[in-house]
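Mapping the sequence shown onto full-length UniProt numbering, position 312 (from 1) lands on 312, and the numbers just tick up by one.
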Amino acid sequence: MVNSRISWSGVRDRFATRPLPAPTLDDTIAARQRFFGAEAVDPRSGAVRADRVLIAWFGCASFAVAVGGTVILLDAWVPRGLHSGYVPTTPAEVAALRPAAIFIGHGHFDHAGDAGPIAQASGAVLYGTAEHCATAREQVGGTASFECHELGSAASKPGDRYDFELTPGLSVTAIRHIHSAPTAKDAGPDASDPVRPTPCPCDIRTHPPTLTDAGHLARRLRDPEGGVLLYQFRLGDFVLTWHDSSGPLIDKAPDVLNILRALPRSDVHIGAIQGFNQFRNGLRDPRHYIEALRPKVFVPNHHDNWFPVFTARGTALRTPLHDELRRIPEAERPEIRMLLDPSDYIGAGCLSFDPA
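Structure follows, in structure tokens:
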């Protein structure tokens, strides 16, 4: 029995979540230059230029964003577990960005699996539901020293709204919506063809998982959703909207579409396109979000090979997305900025917008 306990203790220790190191200034300068480009980051202070909105993708629905010089994270998970190194960064490097805030769309592992450790190491303030906050604290073993601002709970209703100012001049609106889910096949004029990409396990062979990354996935695999939030950020007249799931609003929460239509028109909309309803109703649900938010530019997320036993690379969704958006009248149709894995991860695919 003694040997058994020692062995089990060793296994738990081997796969325990390790605290991330507190980043140094040099770490922050290097990470910000890698994500946002050397020309955008002061080489002495690490400050990011305030006259551009910079958006860097680090897998699934996770983005590092510099807006008005303030660095934030939208979701916080570096994809790994079934593969390792496919996304060329680590939670420690993401923490080294020293984000002022981390915004959680929902609590599943592929969105918030690194939220607690990154917040703990970086000093970022976390925003999410009460359940998102609880999961993030659990991720660091109950020793959380970071703030977490609760925006409702799992019991909140779709359409609930939360408004606040992150920094002077940078305002945020969070809207409660719903997770992707299968619904009955739409047979009406709004129906879309199913989208069923062939999974791409090829990236497991070229990027085999380490035991550490497999252990991380096993620990976080059952993290609860905890409610779903959409965020809109406004800096002057510039509007950025992001969400990490696209639910069947027309079927389950149609009033939310009216709430989204009432928001200021988005200059940039970063929205999830992969979801559980794509197998019956294609990309109809993401299109409804786009139609409601009326963006000038649409950037898809949650479309890469983040879980390669059932996901595919983004190239598999490029044509279905373009076909779906052709249903929007040309005068109202956004420009698509299609980020593709793995070539557009981190700085290589960094998007830059003029907020003026």
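Note that the Cβ used here is the ideal one computed from N, Cα and C, for glycine as well.
Could you check which residue in the options has the C-alpha nearest to that of residue i?
{"i": "R49", "options": "R80, T135, A38 and S62", "result": "A38"}
{"i": "A253", "options": "G275, A181, H302 and Q120", "result": "A181"}
{"i": "T90", "options": "G68, S62 and I104", "result": "S62"}
{"i": "G142", "options": "H322, Y345, L321 and P19", "result": "P19"}
{"i": "Q274", "options": "N258, P286, E165 and I250", "result": "P286"}
{"i": "P23", "options": "I55, P117, I104 and A292", "result": "P117"}
{"i": "Y127", "options": "V228, Q278, D193 and V94", "result": "V228"}
{"i": "K296", "options": "P308, P320, G247 and P355", "result": "P355"}
{"i": "I204", "options": "A112, V309 and S352", "result": "V309"}
{"i": "S171", "options": "A136, H177, F233 and C148", "result": "F233"}
{"i": "T319", "options": "P197, T17 and R161", "result": "P197"}
{"i": "A316", "options": "P300, P329, E330 and R326", "result": "P300"}
{"i": "F276", "options": "D267, V195, C200 and R337", "result": "V195"}
{"i": "V71", "options": "Q33, G159, L82 and G59", "result": "Q33"}
{"i": "T28", "options": "L82, P208 and E93", "result": "E93"}
{"i": "H302", "options": "H207, P208 and M338", "result": "M338"}
{"i": "A121", "options": "T129, D110 and I102", "result": "I102"}
{"i": "R313", "options": "R44, S192 and C60", "result": "C60"}
{"i": "D341", "options": "P329, N305 and R333", "result": "N305"}
{"i": "S343", "options": "T17, Y86 and D42", "result": "Y86"}
{"i": "L263", "options": "A218, E335, P329 and D163", "result": "D163"}
{"i": "C148", "options": "G123, R161 and L217", "result": "G123"}
Are the beta-carbon atoms of residue i and residue j separated by less than 9 Å?
{"i": "W57", "j": "D114", "result": "no"}
{"i": "I175", "j": "V256", "result": "yes"}
{"i": "G68", "j": "G188", "result": "no"}
{"i": "H322", "j": "E225", "result": "no"}
{"i": "L97", "j": "F146", "result": "no"}
{"i": "T167", "j": "A100", "result": "yes"}
{"i": "L351", "j": "I55", "result": "yes"}
{"i": "residue 387", "j": "P158", "result": "Nothing can be reported for residue 387: it is not among the residues displayed for the chain, which extend from 1 to 356."}
{"i": "A30", "j": "A66", "result": "no"}
{"i": "L240", "j": "I270", "result": "yes"}
{"i": "R280", "j": "D190", "result": "no"}
{"i": "L265", "j": "L293", "result": "In the sequence as displayed, the identity of residue 265 is Arg instead of Leu. Yes."}
{"i": "G152", "j": "T173", "result": "no"}
{"i": "A272", "j": "L82", "result": "no"}
Do you know offhand how far residue i's Cα is from residue j's?
{"i": "G282", "j": "L25", "result": "46 Å"}
{"i": "V11", "j": "Y289", "result": "Below a pLDDT of 50, predicted positions are generally treated as unreliable, and V11, at 43, falls in that range; the measurement from the model is reported next regardless. Taking the straight line from one Cα to the other gives about 45 Å."}
{"i": "R80", "j": "C202", "result": "14 Å"}
{"i": "I259", "j": "D223", "result": "29 Å"}
{"i": "E324", "j": "E291", "result": "11 Å"}
{"i": "R284", "j": "A348", "result": "30 Å"}
{"i": "S84", "j": "A331", "result": "43 Å"}
{"i": "L230", "j": "F298", "result": "15 Å"}
{"i": "H179", "j": "T311", "result": "18 Å"}
{"i": "A136", "j": "P199", "result": "30 Å"}
{"i": "S74", "j": "V53", "result": "The identity of residue 74 in the sequence shown is Leu, whereas the question assumes Ser. When rounded, the distance between both Cα atoms is 14 Å."}
{"i": "D42", "j": "A184", "result": "53 Å"}
{"i": "L235", "j": "L211", "result": "43 Å"}
{"i": "H132", "j": "H207", "result": "30 Å"}
{"i": "V268", "j": "S245", "result": "16 Å"}
{"i": "S45", "j": "W242", "result": "29 Å"}
{"i": "A154", "j": "G247", "result": "16 Å"}
{"i": "R220", "j": "D251", "result": "30 Å"}
{"i": "residue 391", "j": "D110", "result": "Because residue 391 is not part of the residues shown, which for the chain are 1 to 356, the question remains open."}
Reducing DSSP to helix, strand and coil, say where residue i ends up.
{"i": "A155", "result": "coil"}
{"i": "L25", "result": "helix"}
{"i": "A348", "result": "strand"}
{"i": "A181", "result": "coil"}
{"i": "I118", "result": "helix"}
{"i": "H243", "result": "strand"}
{"i": "T206", "result": "helix"}
{"i": "P320", "result": "helix"}
{"i": "A174", "result": "strand"}
{"i": "L339", "result": "coil"}
{"i": "H149", "result": "strand"}
{"i": "D304", "result": "coil"}
{"i": "E225", "result": "coil"}
{"i": "L211", "result": "helix"}
{"i": "T70", "result": "strand"}
{"i": "residue 359", "result": "Outside the displayed span of the chain (1 to 356) sits residue 359, for which this structure offers no information."}
{"i": "A64", "result": "strand"}
{"i": "L217", "result": "helix"}
{"i": "L230", "result": "strand"}
{"i": "A76", "result": "coil"}
{"i": "F56", "result": "A small fix is needed here, since residue 56 is Ala in this sequence, not Phe. Looking at A56 - three-state DSSP - the assignment turns out to be strand."}
{"i": "F298", "result": "strand"}
{"i": "V11", "result": "Residue confidence for V11 is low, a pLDDT of 43 falling below 50, so the modelled location carries little weight; the figure read from the coordinates is stated next. Correct three-state label for V11: helix."}
{"i": "L235", "result": "strand"}
{"i": "residue 405", "result": "No answer is possible for residue 405: it lies beyond the span of the chain, which begins at 1 and ends at 356."}
Measuring only between beta-carbons, confirm whether residue i sits less than 9 Å from chain C.
{"i": "L230", "result": "The chain inventory of the structure shown lacks chain C, comprising one protein chain alone."}
Within the stretch 249-293, note down every full beta strand (DSSP E) run reaching 3 residues or more, in order along the chain. The stretch 249-293 contains these whole beta strand (DSSP E) runs: 268-272.
Could you tell me which uninterrupted beta strand (DSSP E) segments, each at least 3 residues in length, are contained entirely in the UniProt domain "Metallo-beta-lactamase" (91-143), listed from first to last along the chain? Within the UniProt domain "Metallo-beta-lactamase" (91-143), the complete beta strand (DSSP E) segments of 3 residues or longer fall at 101-103 and 125-128, listed in chain order.
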